[in-house]
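**Q**
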Amino acid sequence: MTSSRYPYPSDEFDAPAPAGSPVGVHRSPRSTWTKVWPFLLVAAICAVLAVAAVLVVSKLDGSSPSSDGGAPAPAATASTAPSASGDATEGSDGPTGDDEESPTPSETPSETPTTDADLSVEVRVLNGAGVSGLANEAADKLTDDGFTDVTPANYEGGSLDASAVWYRTDDDKAAAEEAARVLGIDETLEVPSLRAAVSVILMDDIS
Numbered sequence: 003m004t005s006s007r008y009p010y011p012s013d014e015f016d017a018p019a020p021a022g023s024p025v026g027v028h029r030s031p032r033s034t035w036t037k038v039w040p041f042l043l044v045a046a047i048c049a050v051l052a053v054a055a056v057l058v059v060s061k062l063d064g065s066s067p068s069s070d071g072g073a074p075a076p077a078a079t080a081s082t083a084p085s086a087s088g089d090a091t092e093g094s095d096g097p098t099g100d101d102e103e104s105p106t107p108s109e110t111p112s113e114t115p116t117t118d119a120d121l122s123v124e125v126r127v128l129n130g131a132g133v134s135g136l137a138n139e140a141a142d143k144l145t146d147d148g149f150t151d152v153t154p155a156n157y158e159g160g161s162l163d164a165s166a167v168w169y170r171t172d173d174d175k176a177a178a179e180e181a182a183r184v185l186g187i188d189e190t191l192e193v194p195s196l197r198a199a200v201s202v203i204l205m206d207d208i209s
């Protein structure tokens, strides 16, 4: 460019650059460390904050048990209370034992004799003693014992040495023995010709 064609006066920018000096206005490229160190700094700060937070939390957790450490003392006092109640329980064992023995009298009803006799069979109670009402009285006893078909009447057969209970078949034997037990008669005898399943003959020994 010549001065005849350049309309402006010369200045420092028009002077040629010294030999060996950089040419151009671009900056030199940045190093990798320059790009990375801000991120490393942020990471280090975050790590420090995290460690500090952990320490604070651990101190808080460690202090909370110490504040509750005194609480078990009342618990020990409370634990002594059951021992007192245990003594009271032991003291009550005496009456409890007595109560357990009380059912013994209740076993008495179980001693009542049971029978497999058929109490629905026909039973005739015959008065051979000549005592008025004797057959009716005996019939009432049998009815109270559970017999359901009992008829009092007078005995018209031969004389007997003692009262007896006769039965017609082996199937009637148990009922005859039960009737004899209720009336206090010792003798039972099988008599196939009987009109009823069981006949009770009352003589003077039963009156």
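Using the working numbering, the first residue of the sequence shown is number 3, and each one after it goes up by one. All C-beta atoms in this analysis are idealised placements derived from N, C-alpha and C, irrespective of residue type, glycine included.
1) Check the C-beta distance from Ala140 over to Asp174 and give it rounded, since I have them as a contact under 8 Å.
2) Ala140 lies in the alpha helix (DSSP H); which residues open and close that run?
3) Considering only residues of the same chain and omitting the five flanking positions on each side of Cys48, which have a CB-CB separation below 7 Å?
4) Give the single residue among Leu121, Ala177, Arg126, Asp147 whose Cα lies nearest to the Cα of Thr153.
5) Per the contact definition of three or more C-beta pairs closer than 8 Å, is the segment 187 to 194 in contact with the segment 126 to 136?
6) Tell me whether the beta-carbon of Ala178 lies closer than 7 Å to the beta-carbon of Asp207.
7) Apart from the five residues on each side of it in sequence, which residues of its chain come closer than 6 Å, Cβ to Cβ, to Asp151?
8) The beta strand (DSSP E) with Leu121 in it runs from where to where?
9) Please return the same chain residues whose Cβ sits closer than 7 Å to the Cβ of Val184, not counting the five positions on each side in sequence.
10) Quick check on the DSSP output: what are the complete beta strand (DSSP E) runs of length 3 or more inside the segment 144 to 192, in order along the chain?
11) How about Ala166 and Glu180: do their beta carbons lie closer than 7 Å?
12) Beta-carbon separation of Ile203 and Tyr157 under 7 Å?
13) Using beta-carbon positions only, say whether Asp118 and Ala176 come within less than 7 Å of one another.
14) Taking buried to mean at least 16 other C-beta atoms within 10 Å of its own C-beta, is Leu136 buried or exposed?
**A** Working from what's here:
1) With a Cβ gap of about 18 Å, Ala140 and Asp174 do not count as contacting.
2) Where Ala140 is concerned, the enclosing alpha helix (DSSP H) starts and stops at 136 to 147.
3) Excluding positions up to five away in sequence, the list is empty.
4) Cα-wise, what sits closest to Thr153 is Arg126.
5) Short answer: they don't touch.
6) Contact: no.
7) Cβ within range, chain order: Glu124.
8) Counting along the chain, Leu121 falls outside any beta strand (DSSP E), and DSSP gives it neither H nor E.
9) So the qualifying residues of the chain are Lys143, Leu144, Asp147.
10) If we require 3 residues or more, the beta strand (DSSP E) runs fully inside the segment 144 to 192 come out as 151 to 156, 166 to 169, 189 to 192.
11) For Ala166 and Glu180, no; Cβs fall outside 7 Å.
12) Yes. Within cutoff.
13) Between Asp118 and Ala176, the CB-CB gap stays under 7 Å.
14) Sixteen is the threshold: when 16 or more other Cβ atoms of the shown chains lie within 10 Å of the Cβ of Leu136, as they do, the residue is buried.
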